[in-house]
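In this text, residue positions in the sequence shown follow this note's numbering: the first is 43, and each later residue adds one.
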Amino acid sequence: MVGSNRIAQIGTYAMAAVRERTEQLRARGLTPVDFGMGDPSAPTPEFIRRACAEGIERHAASGYPPFAGSAPFRQAVVDWVEGRFGVAIDPETEIVSSVGSKESIFHLPEALIDPGDVVICPDPGYPPYGGGTIFAEGEPYYVPIQNRTDFLPDLDSIPDSIAERARIFWLTTPSSPSGRIASSEFLESWVQWCRDRDIVACSDEAYSEIYFDQPPPSALEQGKQGVLVFNSLSKRSAMTGYRVGWVAGDARIIALYRKLKANIDTGTPWFIQEAAIAAYSDESHVAEMRDGYRKRRDLFVSAFEAAGLPRSDPEASLYVWQRAPEGVTSTALAEALLDEKILAVTIPSAALVGDASRHGPDEQYVRLSMVATWEESERIAGAIAEHLRLD
């Protein structure tokens with residue numbers, strides 16, 4: 043059976059490849075620790091699980107949920123956004139629920155672009171930015187996110203010929219994989235750059251609550267005209283398996299996405315939305331998670347430094363974006379971390395970039411997700427400090 047041209051243009055999803063590699067090692071009787079997936083090992087807080095269970099009974103005969111999200115869910119998000127960012131959102135016209143951010147990010151181009159249109163994607167970045175573009179028959183343009191640009195896109199580097207054809211510009215803040223936070227000043231410049239060119243500024247803020255110093259700003263603070271923000275409960279509340287999130291911003295664009303969504307799915311289940319409402323009612327569990335990630339960040343940053351690697355401190359997110367020593371490729375570093383004395387499964391930057399030709403030898407990294415238990419993290423960090431060899 044021959045697949046479609048669209049599926050032929052998409053490589054193996056990096057996280058799927060990591061899982062396959064982990065299973066291969068386990069089949070050999072080894073016990074690797076998966077630091078590739080950004081999937082928290084901590085359980086979803088009990089009060090959220092309880093709200094979910096109660097929601098099952100409350101909505102036992104409720105049928106299909108509203109595809110745009112229930113009114114109480116949308117209001118909970120609106121209240122949280124206003125409290126967190128000081129931005130007022132109309133719950134009727136400026137927000138829509140999503141089945142987690144991945145669904146909305148992948149599908150959005152279907153509502154906004156025509157074949158041949160360009161979507162500007164950070165590189166490295168979240169694979170669905172480019173994958174969703176390809177499925178909508180658009181053309182991804184990968185703008186490098188590199189150490190020399192402070193891990194933010196260099197707006198001046200984007201050719202006019204690309205900007206004239208672009209309909210969407212994706213930004214991740216805090217950045218995955220680098221952990222860099224876009225400042226309010228950068229967000230202002232980026233949003234204005236997009237507005238001047240009639241490009242929709244799409245800010246993926248899935249890691250907005252996993253930070254280690256100052257809370258990251260939101261693109262919504264720059265006004266909603268031409269802006270969409272994507273967020274979810276996955277990382278904030280350890281709810282990756284619940285698949286619940288939201289998109290908020292310009293009412294005109296939200297209307298287009300709602301129309302698309304009504305033809306794709308039938309919304310997030312009622313009881314999952316009940317769990318999300320409970321999650322947004324509490325900040326103490328989020329603060330506890332931040333503290334846990336901060337401890338893991340310090341642990342791994344120190345371990346890599348003890349092993350002789352350059353110090354790489356993330357400002358936010360679930361990841362340590364560890365730079366390889368000069369002359370060592372990202373793949374070689376990832377393989378060294380799989381040594382039987384360490385057995386840490388990570389993702390090399392080579393598996394995450396969309397356009398490898400634009401990334402030189404000084405842009406070699408591995409992404410380590412800080413999601414293992416504390417005991418596993420201590421053990422692996424100790425092994426990295428003692429046994430990591432790149433000779």
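Note that beta-carbon positions come from the ideal geometry of N, C-alpha and C, so glycine has one too. Remember, it's a predicted structure, so these values are computed and weren't measured experimentally.
Using the Cβ count rule (16 or more neighbours within 10 Å means buried), how would you classify residue i?
i    : result
G291 : buried
D340 : exposed
R409 : buried
W416 : exposed
K383 : exposed
M79  : buried
S46  : exposed
L375 : buried
T214 : buried
R222 : buried
D433 : exposed
S326 : exposed
R300 : buried
G158 : exposed
A95  : exposed
S112 : buried
Is the separation between the beta-carbon of residue i and that of residue j shorter than 8 Å?
i    : j    : result
M412 : A84  : no
I176 : R48  : yes
N273 : W288 : yes
I131 : V141 : no
G173 : I155 : no
R431 : A345 : no
L275 : V286 : yes
P182 : L394 : no
D397 : H429 : no
P352 : R365 : yes
P166 : S391 : yes
I90  : A261 : no
I422 : V129 : no
I314 : Y284 : yes
For residue i, which residues from the same chain have a beta carbon less than 8 Å from its beta carbon, with the 5 sequence-adjacent residues on both sides left out?
i    : result
V328 : E251, R278 and S279
S419 : R338, L341, F342 and M412
E136 : K266, A290, G291, D292, A293 and I296
D81  : T282, S411 and V413
D475 : For the chain, the structure presents residues 43 to 433; residue 475 sits outside this window and is missing.
Contact check, residue i vs residue j under 8 Å by CB: the rounded distance?
i    : j    : result
P164 : W212 : 6 Å
A118 : Y249 : Wrong, their Cβ atoms sit about 20 Å apart, outside the cutoff.
A318 : F115 : 6 Å
P216 : S359 : 5 Å
D246 : E357 : That pair is no contact at about 16 Å.
I210 : C244 : 6 Å
S139 : G309 : 7 Å
W312 : P107 : 5 Å
V271 : A208 : Their Cβ separation, rounded to whole angstroms, is 19 Å, which puts V271 and A208 out of contact at 8 Å.
A348 : A427 : 4 Å
Q264 : L229 : 5 Å
S372 : Q406 : 4 Å
A93  : E316 : 5 Å
P259 : S226 : 5 Å
Between which two residues does the beta strand (DSSP E) holding residue i run?
i    : result
A208 : A208 to T214
P151 : Premise fails: P151 lies in the alpha helix (DSSP H), G142 to L154, not in any beta strand (DSSP E).
L410 : Y407 to S411
A243 : V242 to D246
D238 : Looking at the DSSP string, D238 is not in any beta strand (DSSP E); the run it does join, the alpha helix (DSSP H), is S226 to D238.
E181 : E181 to P186
S274 : V269 to S274
Span of the alpha helix (DSSP H) holding residue i?
i    : result
D202 : D202 to A205
Q117 : A113 to F127
Q364 : It is not in any alpha helix (DSSP H) - Q364 instead sits in the beta strand (DSSP E) that spans Y361 to R365.
G172 : P169 to F177
Y322 : W312 to Y322
I299 : In the sequence on display, residue 299 carries Tyr and not Ile. A293 to A304 is the extent of the alpha helix (DSSP H) around Y299.
F89  : E88 to R100
D165 : Run containing D165: none in the alpha helix (DSSP H); it sits in the beta strand (DSSP E), V160 to D165.
E330 : S326 to A348
S419 : W416 to H429
L375 : S372 to A378
N189 : N189 -> no alpha helix (DSSP H), and no H or E assigned at all.
Report all residues from its chain with a CB closer than 6 Å to the CB of residue i; omit the five preceding and five following residues, and keep chain order.
i    : result
A205 : R239
A178 : P151, E152 and I155
H401 : V395
P133 : R116, Q117 and V120
I98  : F313
For residue i, I'd like the list of residues in its chain whose CB is within less than 7 Å of its CB, leaving aside the five on either flank, ordered along the chain.
i    : result
K144 : P170
R63  : V387
D307 : F109 and V141
W235 : L197
R190 : none
Tell me whether residue i, by its Cβ, gets closer than 7 Å to a heavy atom of the ligand GTP.
i    : result
A153 : Absence of the ligand GTP is noted for the structure shown, with no ligands found whatsoever.
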